[in-house]
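*Asks:* Numbering (my numbering), first residue to last: 48 to 133. Each residue gets a CB set at the ideal place from its N, CA and C atoms; glycine is no exception. This one's a predicted model, so the numbers in the text were calculated from it and none came from an experiment. Sharing a structure here in structure tokens format.
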Amino acid sequence: MKRASKAVRDVSGGLRTEYVFDYSKAKKNPYAARLKGRTVAVVLEPDVAAAFPDSKAVNRQLRAVVRAVPRRSRPAPRRRGGRTKG
48 MKRASKAVRD
58 VSGGLRTEYV
68 FDYSKAKKNP
78 YAARLKGRTV
88 AVVLEPDVAA
98 AFPDSKAVNR
108 QLRAVVRAVP
118 RRSRPAPRRR
128 GGRTKG
């Protein structure tokens with residue numbers, strides 16, 4: 048295997064400045080259909096993750112928070128542009 052040139056090799060933590068991918072060899076993920084719309088991955092900080100024994104406990108607590116926070120009947124309109132004249 049050829050070694051990469053110095054300009055391309057090991058810029059930051061093993062990452063190259065540029066990668067070239069051959070998308071003609073790409074294959075469809077056979078498991079994607081199973082997960083579509085069902086799974087969301089969220090990364091917790093280590094101190095937060097230590098407070099929960101498993102994902103069911105995290106979901107239970109998040110549902111309790113969602114029930115406790117009042118919902119607005121409809122979203123507030125967003126402001127457009129910068130400052131208003133005044």
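1) Tell me whether the beta-carbon of phenylalanine 99 lies closer than 8 Å to the beta-carbon of valine 105.
2) What did DSSP end up calling leucine 62 once you bin it into helix, strand or coil?
3) Assign arginine 110 to one of three DSSP states: helix, strand, or coil.
4) Tell me which residue opens and which closes the alpha helix (DSSP H) that leucine 82 is part of.
*Replies:* Reading it off the structure:
1) Position 52 of the sequence shown holds residue 99. Position 58 of the sequence shown holds residue 105. Yes, they are a contact pair.
2) In the sequence shown, counting from the first residue as 1, residue 62 sits at position 15. Strand.
3) Translated into positions along the sequence shown, residue 110 becomes position 63. Helix, per DSSP.
4) As a position in the sequence shown, residue 82 is number 35, starting the count at 1. Unbroken alpha helix (DSSP H) run through leucine 82: 79–82.
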